[in-house]
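Chemist:
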Amino acid sequence: MTALCLVELDGGAPADASLRALTLARSLDGEVGAVVFGDAAPEEALADCGVSDAYVIERSAVEGYAPAAWARVLAGLIADTGATAVLAAGTDRGQEVLAHLGAITGLPMAANCVQIVPDGPGMHRVVRQRWAGLLLEDAILEAPAALVTVAADAVAGVSAALPPGGATRGPASIRVHLHKPELADADLRVRAAESPAAAGGMSLATARVVVGGGRGVGGPGGFAALEELADLLGGVVGVSRVVTSEGWRPHSQQVGQTGTKITPEVYLACGISGAIQHIAGCAGARHLIAINTDSGAPILARADYAVIGDLHQVVPALVAALRARREPDAGAAGSV
Amino acid sequence: MDILVCVKRVPTVGGKIAVTPDGQEVDTRMSGFTISPHEECAVEEAVQITERLGGTVSVLTLGPEAAIDQLRDALALGAGRAVLLETDGREFGPAATAAAIAAEVRSHGYDLVLLGNEASDTGDYQVGIRLAHALGWPVATGIKNLTTSADGAVARREYRGTEESYELPLPAVITVKEGINLPRYPSLPGRLRAKRAPVERSAPAWQPEGLRKQALRVPAVAGHQAVILGRGVDAVPELLRVLGELGVL
Amino acid sequence: MTSPGDAPARASAVVIGAGIVGNSLVHHLALLGWRDLVLVDKGPMPNPGGSTGHASNFIFPIEYSKMMFELTRDSTEQYRELGVFTQSGGIEVARTQARMHELRRRCSQAKAWGIPAELLSPGEVGKLVPYLDESVIGGGAHFPTVGVVDSLRAGTLMREQAQRSGTLAVLAGTEVHGISVAAGRVRAVATSAGEIETDNAVICCGVWSPRIARMAGARLALTPVVHQMISVGPITLFADTPGEISYPIVRDVDTNMYERQHGGDMEVGSYAHRPIIVPPDEIPSIEQSAASPTELPFTADDFDPQLAQALELMPDLLGDERAGIRYAINGLISMTPDGHPVLGELPEVRGLWSAAASWIKEGPGCGRAVAELMSGRVPTVDVHEADAARFYPHQRTVAHVRARACEGFNKMYGIVHPAEQWESERPVRVSPVQERERELGAVFFETAGWERPHWYASNSAVCDRYAGRLMERPAEWDSRWWSPIINAEHLAMRDACALVDLSAFAVLEISGPAALQAVQTLSVAQLNVAAGRVVYTSWLDDDGGFRADLTVMRLGEDRFRVVTGGATGMSDAAWVSGHLPPGAFLADLTSAWTTIGLWGPRARDVLASVTADDVSHDGFGFGTCREIEVGGVVVLASRISYVGELGWELHVPIEQGLRVWDTVWAAGRPQGLIPAGIGVYGTTGRLEKGYRAFGFELTQEYTLPEAGMTRPKVKEQPFIGKEAYLRQRAEPPCAVLCTLTVDSHASADGTLRYMLGGEPVLSPGGERLTDAKGRPSYVTSVGSAPSLGKHLLMAYLPAGHAVEGSTLAVEYLGDRYPVTVAVAGSRPLFDPSNERVRS
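Read top to bottom, the protein sequences are chains W, E and U.
Our numbering puts the last residue of the first sequence at 336; the count rises by one with no breaks.
Our numbering puts the last residue of the second sequence at 249; the count rises by one with no breaks.
Our numbering puts the last residue of the third sequence at 839; the count rises by one with no breaks.
The structure is reproduced here in structure tokens:
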């Protein structure tokens, strides 16, 4: 076994961030084992991603999320499989479990890698993000097992990385190992009790469309139009740091280095100048469209498309136009 | 309750981040220095806890002598005691950092150690956890809501649309994220108190680690100019067309 | 942001920088009829990131400098018209006795300029500023017309007005890469949006200005300096106040700080910290900046000492633990060696204009002034003290600019005596006889970098001779930077003779076949005179205001030598070179020639004893010049006088100056020769004779008839300002330059006080005097007249008040002193028939 990859599940399927982690795991050119905490592994999906072995940790061993326990399991699997690398997505859980693993095993850990290349026995060359991706670090990771988390916004998901019609293995080829580790009470001391979040709704981190609002929105009252636009586009609202530090919107909506890093198909940034702290959070957007009064705003240097104008005029007009598309009759009556 | 807050001196970056010609450091000729935002919130959280429950807030940093500025910033926000773990300019790795902090925690004794979830410069995401393991304490990370009482803490965070809640006995290590509170600004009297406060110093030993920096670089960004779709509301039809092309309509 | 190709190919002027000054400039250029203007800024609109964007935006009208007062007044009026001015009132508070004295001086100056002002007791200050601790202060000066402006809005409005008129293209996000110069003229400005061909490039770039000037090979005397400011809030008291400001701005001048309400916050600014210079090349780019390029990271250590002082003054308001420091910057501001803006065409390159080092309070006024200069007009406000050409090369060096900016920084709110001398970067220009002067105990004052003896300590022996006639000044302030020795030197000169080092004269030579035409065009006086004549003349501007006042020697058919004051030498040279016809050439010979003055009733005896040439009255008449031999040196002697005595200016090649000095000195000592300083030459000697001085009496605002300098005939040949001068002659003068004597020097507390200049002249009842054109009467020059035993004042009085023998009043430091109009016009009080000069 070359690489173990902690695969988080999202509705039973591999989470998008974990697919990205698998991309790097596969780049090591060896067998990849997926470690899944839950009752069953999404075998077909994992096989599609080039996974050879799935280690399924049953609920009877670890009920729910207990970071130290998960790390202890991974430590055991390193010993069992002789893996020379352990990867996880650069999510809260991924970072946390691998950090525990590093502490338990005394191994170094490299967070938010975008590249990992073997460089002789016990050595890897890695490229990792610093400053939330604003800088890259070329580093050497010297360890019998390289502990690596994968930058969610800088690595493509594994399916996309495979050649068309390429070397996927059929579901039959995946070996499933049901694993029931022995765990000490200390490892289970801290565990998550989960309950639906108060806010609910779609996650900013995984939304396909994000409508961003910045200082240009002008105040807490200006976000209704953005919410409506986000609704019409099937997305969510994200905001810049100034918006949350002014108290206009809750911090949970912040896109940025100290907020959420987003990876939508389209990010529509309205009245956002493009401070570097914000760019760190939205650099993973596939397409960036800016609406800004200032044609010199830094966001334009990052945007694919831009509308020069006041969001307070453009957004309502866009909303009206979208509504008109949905309800042609109503649209005929309204004007843009 | 006696709380230790760990902060880090990091450059204040503007619209662009640059690297020194030798590729070893962030170019700070044009920048000031600050505390990582997560850590500002950690200081605020500690001050709020002691305002409620009584106790002391100590602030610690591992860094060069100039990092005293950041200690004073934290003192001005309400911390009462400052500890500088002075480095010789070399970057301490996460294991060495955790070991140095653990030594201070053992010698002084605290009920709670708060850190930022990750430092904004190195982004290692592991110092708090390594510290907890060194101390044998429980740890929760990425926390955006914290309820503390004399005998324990309930720490919460959001994950994929669900709320995770962790119960921790004290003493414990907790790393927090921006959003847990709205940090206050330093008052003038606070700033003056900070100026007068003594700073305790020690100099932990640097040690090599398995992850070794070779060079820093700025990732290449496609040097493109945005396609201007138009001005004002006149641009809306064109905007609609593009949204359609991108497949989000 | 623009792309290559977006810039127009041609423009009448390219204005670089869209801060308050650049916006104001394009506005005024458009009003003056300019078309095809381009405004470029590397930053975004409306706040491109310069000093305008972080300014505290308040305006105190009070200035000692008349020019700075007028620029501020003009700017305030423009802000008012744009609807962006909010009057808040302002108070300068005093923590010391010296400051109370200074505030009395400021209130008197305010009266001279017509600015409302009053002294307040601590209790009265407390009524206006309830959060101020009255026990900390001794009182305050209230200026009710102080206000705040929205400078970004003002800039936007002015820019948009110009845009709407169709005369202006605005290129935001456009970097200037170079200014190309051909044959000494601006040819084009290269930008990231393309090259723009133009005859005029205007630098309105604030702290970046030296960088842009360098692109054209020019040096601009300006440096960015840090000014620290914090904003503290929320202030409970301000929570319910309407608008931006409801309480007067407080200048806590003894601690070099100000406190200014800004909405719910209190802004506290400081000029107390160590001077922090940031070289223009080290200003971060927009991308590198956390805030803006001119809002640098706050250095808390520098500000910490100020916090305690601010808390002392406003303990409850600023001591509120719930109020936090929400914003703190090291803001960059522009400073120049003399504290004045840099306005007009730079001397190195034609068509390269500067409107730099202007703060918010002067911005629109500076914009107007430079627009007028660019249009060939006489500016509304006399800005000669801000002339971009005023600096000598050494004054434009990085070392000089930085040193003077550092020295000036902490004087921003300081108590600065009108005669106060700079300490840094001295000496630079020294005369060939400086060693002798040091031996004689010279006390040096600096003019244009020259070290000039103001008086000689060794003459204290002379004081004994004139005991009782020295007009000593009992008050320390009046006698600061002054000595009774000056008056002793004066009396000794009048009794025997004096040697005066005049090395600081600027010496310009105009030569070539068109030299006569050149000097005729410049001068009011007839210059088509015989070689060997010396002509005293004024130079006027197109409107008939004074541009210079100097002497010209005709040395030959095609050769004229202009001798003018060191302080104005560079400006005068720029004026000449701007008006040279083809075939006339200008050379600056200042560094080649030294001038030694020899004056007094024994001057001829002394000179005759060292030369074989004929220096008799018949052989060497007044107003002539000629080469003579003095102790083996050929000297150009010129028989004129600014002190009202028989004597000569001896112009000597600089390396031979010491020999001539020594020769004359040795011969003169037995005749009673003493060294005399500029205190005599510039003040006492000239005032007794009623001689006017450029920059004091002779300014752009007054005319030859008003100055009493009309000659019987006007020369036939054309000269600059002739038409205006002819009109002025035809009208009765609106004001008359008068000499006043002080009837009583006793102040309210009985101390004898001697005014120093700038004071308002009032009616006997204490009303301000202004003439029909609205110009206030104030003291333009002042000094002892030891031969008369009087303290003399010069002032323009409204024609109706210019009546000899009538009584008026002068306010000095809050007290009123009775004065008498001794002379209305130019008649000298000493030796009125000029016998001494012509003997």
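Even for Gly, the Cβ is constructed at its ideal location relative to N, Cα and C.
Here the structure is a predicted model, which is why all the values come from computation and not from measurement.
Pick helix, strand or coil for residue 284/W, following the three-state DSSP scheme.
Modeler: Reduced to three states, the DSSP call for residue 284/W is coil.
Chemist: Of the residues that make up the stretch 196–222 of chain E, which ones have a beta carbon closer than 8 Å to any beta carbon in chain W?
Modeler: So the list reads 209, 210, 211, 212, 213, 214, 215, 216, 217, 218, 219 and 221, given in the order they occur along the chain.
Chemist: Considering only the beta carbon of each residue, do residue 150/E and residue 166/E sit closer than 8 Å?
Modeler: No, they are not a contact pair.
Chemist: Tell me where the beta strand (DSSP E) around residue 790/U begins and ends.
Modeler: From DSSP, the beta strand (DSSP E) with residue 790/U extends over 790–798.
Chemist: Take the Cβ of residue 117/W as the centre, count every other Cβ of all protein chains shown within 10 Å, and call the residue buried at 16 or more, exposed below.
Modeler: By the 10 Å Cβ count, residue 117/W comes out exposed.
Chemist: Of all the residues that make up the stretch 295–306 of chain W, which are near chain U by a beta-carbon distance shorter than 8 Å?
Modeler: Listed in sequence order: 295, 296, 297, 298, 300 and 301.
Chemist: Mind checking residue 333/W: buried by the 16 CB within 10 Å criterion, or exposed?
Modeler: With a pLDDT of 42 at residue 333/W, under the threshold of 50, the modelled position of that residue is not reliable, and no figure is offered here.
Chemist: Since residue 71/E and residue 59/E are thought to touch, with beta carbons under 8 Å apart, how far apart are those beta carbons, to the nearest angstrom?
Modeler: Indeed, because the Cβ distance is near 6 Å, the residues count as touching under 8 Å.
Chemist: Straight-line CA distance for residue 235/E to residue 218/W?
Modeler: For residue 235/E and residue 218/W, the distance between alpha carbons rounds to 22 Å.
Chemist: State whether the stretch 528–539 of chain U contacts the stretch 587–604 of chain U, with contact taken as three or more CB pairs (one from each stretch) at a distance under 8 Å.
Modeler: Contact fails: fewer than three Cβ-Cβ distances are below 8 Å.
Chemist: Using 7 Å as the cut-off, classify the Cβ of residue 295/U as near or not near the heavy atoms of the ligand MG, replying yes or no.
Modeler: Here there are no bound small molecules, and the ligand MG is not part of this structure.
Chemist: Is the distance from the Cβ of residue 255/U to the Cβ of residue 309/U below 8 Å?
Modeler: Yes, the pair counts as a contact, with Cβ atoms nearer than the cut-off.
Chemist: If we define contact as Cβ-Cβ less than 8 Å, is residue 44/U a contact residue for chain W?
Modeler: Answer yes: the Cβ-Cβ gap between residue 44/U and chain W drops below 8 Å somewhere.
Chemist: So the alpha helix (DSSP H) residue 484/U belongs to, where does it begin and stop?
Modeler: It spans 484–495 - the alpha helix (DSSP H) in which residue 484/U sits, taken as one unbroken run.
Chemist: Which residues bound the beta strand (DSSP E) around residue 213/E?
Modeler: From DSSP, the beta strand (DSSP E) with residue 213/E extends over 211–217.
Chemist: How about residue 362/U and residue 829/U: do their beta carbons lie closer than 8 Å?
Modeler: No, the pair does not count as a contact, with Cβ atoms beyond the cut-off.
Chemist: Quick one: what does DSSP say residue 756/U is sitting in, helix, strand or coil?
Modeler: If DSSP states are grouped into helix, strand and coil, residue 756/U belongs with coil.
Chemist: Give, in chain order, every residue of the stretch 308–332 of chain U whose Cβ lies closer than 8 Å to some Cβ of chain E.
Modeler: Residues 308, 310, 311, 318, 319, 320, 321, 322, 323, 324, 325 and 326.
Chemist: Could you have a look at residue 280/U and say whether DSSP puts it in helix, strand or coil?
Modeler: Here residue 280/U sits in helix by DSSP.
Chemist: Return no unless some Cβ of chain U is closer than 8 Å to the Cβ of residue 57/E.
Modeler: By this cut-off, residue 57/E is not an interface position.
Chemist: What is the DSSP secondary structure of residue 178/W, reduced to helix, strand or coil?
Modeler: In the structure shown, residue 178/W sits in a strand (DSSP, three-state: E or B).
Chemist: Since residue 389/W sits in a beta bridge, which residues does DSSP pair it with?
Modeler: For residue 389/W there is no data in the structure shown, the boundaries of chain W being 1 and 336.
Chemist: Terminal residues of the continuous alpha helix (DSSP H) containing residue 67/W?
Modeler: Element bounds for residue 67/W: 67–81.
Chemist: Quick one: Cα of residue 842/U to Cα of residue 102/U, how far?
Modeler: Here chain U comprises residues numbered 1 to 839, so residue 842/U is not present and cannot be evaluated.
Chemist: Count the other CB atoms, across all protein chains shown, that sit within 10 Å of the CB of residue 37/E; report buried if there are 16 or more and exposed otherwise.
Modeler: Its Cβ being crowded by 16 or more others within 10 Å, residue 37/E is buried.
Chemist: Taking the straight line between their C-alpha atoms, what separation do you get for residue 799/U and residue 217/U?
Modeler: Straight-line Cα distance between these residues: approximately 49 Å.
Chemist: Determine the chain B residues that contact residue 13/E at a beta-carbon separation under 7 Å, and present them in chain order.
Modeler: Of the chains in the structure shown, none is chain B; the protein chains are W, E and U.
Chemist: Using alpha carbons as the reference points, say which of 331/U, 228/U and 373/U lies closest to residue 305/U.
Modeler: Residue 305/U has its Cα closest to that of 228/U, out of 331/U, 228/U and 373/U.
Chemist: Answer with yes or no whether the minimum CB distance from residue 287/U to chain E is below 8 Å.
Modeler: Yes, contact with chain E.
Chemist: In whole angstroms, what separates the C-alpha of residue 203/W from that of residue 263/W?
Modeler: About 11 Å.
Chemist: Roughly how many angstroms separate the alpha carbons of residue 636/U and residue 625/U, rounded to a whole number?
Modeler: Each residue's Cα considered, the two are about 7 Å apart.
Chemist: Does any residue of chain E bring its CB to less than 8 Å from the CB of residue 56/U?
Modeler: Judged by the 8 Å Cβ criterion, residue 56/U is not in contact with chain E.
Chemist: Measuring straight from C-alpha to C-alpha, what distance separates residue 39/U and residue 169/U?
Modeler: So the alpha carbons of these two residues sit roughly 6 Å apart.
Chemist: Tell me which same chain residues have a C-beta within less than 6 Å of the C-beta of residue 148/E, skipping the five on either side of it?
Modeler: 49, listed in sequence order.
Chemist: Within 10 angstroms of the Cβ of residue 317/W, are there 16 or more other Cβ atoms? Answer buried if so, exposed if not.
Modeler: Burial call: buried.
Chemist: DSSP beta-bridge partners for residue 123/W?
Modeler: Answer by DSSP bridge pairing, in chain order: 142/W.
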